[in-house]
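Here's the structure we're looking at; comments come further down.
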Amino acid sequence: MTVYDVRIGYDIDDVLTRTSELVIEGVNFKLGTDYTLDDFVNPVIEDCFGLTTEEVNEIFSKPGNKRFPDDLAPFEGAKDVVNSYHGLVDSQYFITARDPSFREATIRWFDDNGFLYDPRNISFKGVVGEFSLDNTAERKAQTVKDLGIVFFVEDSLTNANAISEHADIPVCLLEYPSNKGARHSNVVPVKSWVEVERELLRVLEPFKK
Ligand SMILES: [Mg+2]
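Be aware that the sequence shown starts at 216, since it is given in my numbering, and climbs by one per residue.
This is the structure we're talking about:
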């Protein structure tokens, strides 16, 4: 039974998953280095670790001895929140900048990790339907606005600022070394999914049926 007549949205990488950890593992495997998450201070992997785009693509095709995205660890607490609001809200959307070629693998990951979701509500390249804009942050922000989403969870500072400003909604930003900087007034920094849920409850209260 729907309790809250709203749509909420989530990014996937580094929000539902521990993607940065897998990236670091892949970078270390390729370069023979011992970087940690604290070294991942620039969201542009090429710039952060002095790699070419081809090298980054190689890392993603086989990060260490792991597979992307199948072997991604889930972010602690994400499933509990997503699953407890599945059915309680009108719809939950998962809006990622991943290429649509990752659709099958992404759905497999959701299933393998026990997430409750509607596969029609997973959007790739930040959009539902045809691509309209080139910039990921703008595409995501426009998609969030078009869908009428009232609350979003992100890990990218650029995306969080764009979504919160353009769609005029609160956005929870899970803190990472790579997302320090000036935040839009409606971007709420959080350290865990316990804090995400606290914000979610606050935001949803006025929408209770
Ligand atoms: Mg992300």
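Glycine included, C-beta positions come from ideal geometry on N, C-alpha and C.
| Item | Value |
| --- | --- |
| beta-carbon residue 238 near ligand 1 non-hydrogen atom, thresh 7 Å | no |
| Boundaries of the beta strand (DSSP E) in which residue 386 is found, first to last residue | 386-389 |
| Stretch pair the region 287-303 + the region 232-247: three plus CB contacts closer than 8 Å | yes |
| Environment of residue 395 [buried if 16+ CB atoms lie within 10 Å] | exposed |
| Contact set for residue 348: own chain, Cβ-Cβ below 7 Å, skip 5 residues either direction | The predicted model places residue 348 with a pLDDT of 49, which falls under 50 and marks its position as unreliable, so this point remains unresolved. |
| Element boundaries [alpha helix (DSSP H), containing residue 306] | From DSSP, residue 306 is part of no alpha helix (DSSP H) but of the beta strand (DSSP E) over 304-310. |
| Alpha carbon of residue 440 to alpha carbon of residue 321, nearest angstrom | In the structure as shown, the chain starts at 216 and stops at 424, and residue 440 therefore has no counterpart that could be examined. |
| Contacting residues, own chain, Cβ-Cβ under 8 Å from residue 301 (five flanking each side not counted) | 307, 331 and 332 |
| Ligand 1 heavy atom lying under 7 Å from the CB of residue 405 | no |
| Inter-residue Cα distance where the pair is residue 274 and residue 249 | 15 Å |
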